[in-house]
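Novice: The numbers in the sequence shown follow our numbering, run straight up by one, and end at 216.
This is the structure I have questions about; it appears just below.
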Amino acid sequence: MYGHSAAGQGQGHATAYVRMVPWDERPGDEETAPELVRQATDAFKQIKEAKVYAVNRSSIPSLGETGGFSFKLQDRSGHGYEALYEAREALIKAAGKSDALEDVRPSGDDEAPRLRVRIDRIKARALGLSIEEVNATLTMAFGSAYANDFTRGGRVLQVLLQADAPFRMQPQDVLALKVLDQQGEAVPFGAFPRSNGVPGLPSCSATTAIPP
Numbered sequence: 005m006y007g008h009s010a011a012g013q014g015q016g017h018a019t020a021y022v023r024m025v026p027w028d029e030r031p032g033d034e035e036t037a038p039e040l041v042r043q044a045t046d047a048f049k050q051i052k053e054a055k056v057y058a059v060n061r062s063s064i065p066s067l068g069e070t071g072g073f074s075f076k077l078q079d080r081s082g083h084g085y086e087a088l089y090e091a092r093e094a095l096i097k098a099a100g101k102s103d104a105l106e107d108v109r110p111s112g113d114d115e116a117p118r119l120r121v122r123i124d125r126i127k128a129r130a131l132g133l134s135i136e137e138v139n140a141t142l143t144m145a146f147g148s149a150y151a152n153d154f155t156r157g158g159r160v161l162q163v164l165l166q167a168d169a170p171f172r173m174q175p176q177d178v179l180a181l182k183v184l185d186q187q188g189e190a191v192p193f194g195a196f197p198r199s200n201g202v203p204g205l206p207s208c209s210a211t212t213a214i215p216p
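Printed below as a string of structure tokens:
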């Protein structure tokens, strides 16, 4: 299931469910569900490009997804994200040394590379471009844009426009875009923006509802 996991939602999240064979076909102690979870966890630790966790579903349906408990770490003094991140990592490291805890992990997204694009509005207008057209070009290329509907097999499906994956993977792909000006001519995107890479969170949930 793409786009969703116990840690959050987004393009970098996914969940997979594994159907196990009946108990009488795996009689050994090394084939129990907890042991298979442990073996899978050890294997997943070798993956450097992603964080993958193996969990055993709750014994009681609808009572949690993975069992255990949830802990919320709050920045009540307003030290900022970096201080909160360091405190989280220190807490997880300390939990890993405890014999009473196992497989303690954070929820949510870690930092990931982001591209910040600053549009020179004055220069864009001087080139005969509208800011709406510039934003629409970015949205269509790196997000998606709704075009229309069509029917197939008795179902109404949407047509969404988006640049193919090889053409939206690198920062220079932004500068390769072209925007139509008021005369209908293509203007290279690199003629008016500035871009730079910055680290950051893909998404961040915040709340001011802190109980006393």
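Cβ atoms here follow ideal geometry from the backbone N, Cα and C, with glycine treated the same way.
Since the structure is predicted, the reported quantities are computational estimates derived from the model, not experimental observations.
(1) In whole angstroms, what is the alpha-carbon distance linking E34 and A151?
(2) According to DSSP, A149 sits in a beta bridge with which residue or residues?
(3) Which whole-angstrom value describes the C-beta separation of D185 and L142, a residue pair presumed to lie in contact below a C-beta threshold of 8 Å?
(4) Can you check which of these residues, L77, F73, E53 and V183, is closest to R129 by C-alpha distance?
(5) Would you tell me roughly how many angstroms separate the C-alpha atoms of N139 and P26, rounded to the nearest one?
(6) Exposed or buried, what is L77 when buried is set at 16 or more other beta-carbons lying within 10 Å of its beta-carbon?
(7) Near T45, which residues of its chain fall below 6 Å by C-beta distance, leaving aside the five closest residues on each side in sequence?
(8) Residues in its own chain within less than 8 Å of V41 by CB, not counting five upstream and five downstream?
(9) Cβ of A195 versus every heavy atom of the ligand FMN: is any distance shorter than 6 Å?
(10) Let me check understanding here. Comparing Cα to Cα, which of P110, A190 and Y21 lies closest to I96?
(11) Expressed to the nearest angstrom, what Euclidean distance is found between the alpha-carbon atoms of G157 and L164?
(12) For F154, which residues does DSSP report across the bridge?
(13) Would you report the Cα separation of Q187 and V160, rounded to the nearest angstrom?
(14) From the DSSP secondary-structure annotation, give me the bridge partner or partners of V183.
(15) Out of curiosity, what's the CA-to-CA distance linking I51 and H17?
Specialist: Here's the rundown:
(1) Start at 1 with the first residue of the sequence shown, and residue 34 comes out as number 30. Start at 1 with the first residue of the sequence shown, and residue 151 comes out as number 147. One C-alpha to the other measures close to 53 Å.
(2) Position 145 of the sequence shown, counted from the first residue, corresponds to residue 149. The partner list for A149 (beta bridge, DSSP) reads L165.
(3) On the sequence shown, position 181 is the one that residue 185 refers to. On the sequence shown, position 138 is the one that residue 142 refers to. About 16 Å; that fails the 8 Å criterion.
(4) Position 125 of the sequence shown, counting from 1, holds the residue named residue 129. Ranking L77, F73, E53 and V183 by Cα distance to R129 puts V183 first.
(5) Here the question's residue 139 lines up with position 135 in the sequence shown. Here the question's residue 26 lines up with position 22 in the sequence shown. C-alpha separation (whole angstroms): 54 Å.
(6) Against the sequence shown, residue 77 aligns to sequence position 73. It counts as exposed.
(7) As a working note, residue 45 is residue 41 in the sequence shown. A58, listed in sequence order.
(8) Within the sequence shown, residue 41 is the residue found at index 37, counting from 1. Only A58, V59 and N60 meet the Cβ criterion.
(9) This structure does not include the ligand FMN; it has no bound ligands of any sort.
(10) Within the sequence shown, the letter at position 92 stands for residue 96. Closest option to I96, Cα to Cα, is P110.
(11) The sequence position of residue 157 within the sequence shown is 153, counting from 1. The sequence position of residue 164 within the sequence shown is 160, counting from 1. Between G157 and L164, the C-alpha separation is close to 19 Å.
(12) Translated into positions along the sequence shown, residue 154 becomes position 150. According to DSSP, F154 bridges with L161.
(13) Stepping through the sequence shown from its first residue, residue 187 is reached at position 183. Stepping through the sequence shown from its first residue, residue 160 is reached at position 156. For Q187 and V160, the distance between alpha carbons rounds to 36 Å.
(14) What you label residue 183 is simply residue 179 of the sequence shown in a count that begins at 1. Note: V183 sits in a beta bridge opposite V191.
(15) Numbered from its first residue, the sequence shown carries residue 51 at position 47. Numbered from its first residue, the sequence shown carries residue 17 at position 13. Whole-angstrom Cα-Cα distance: 15 Å.
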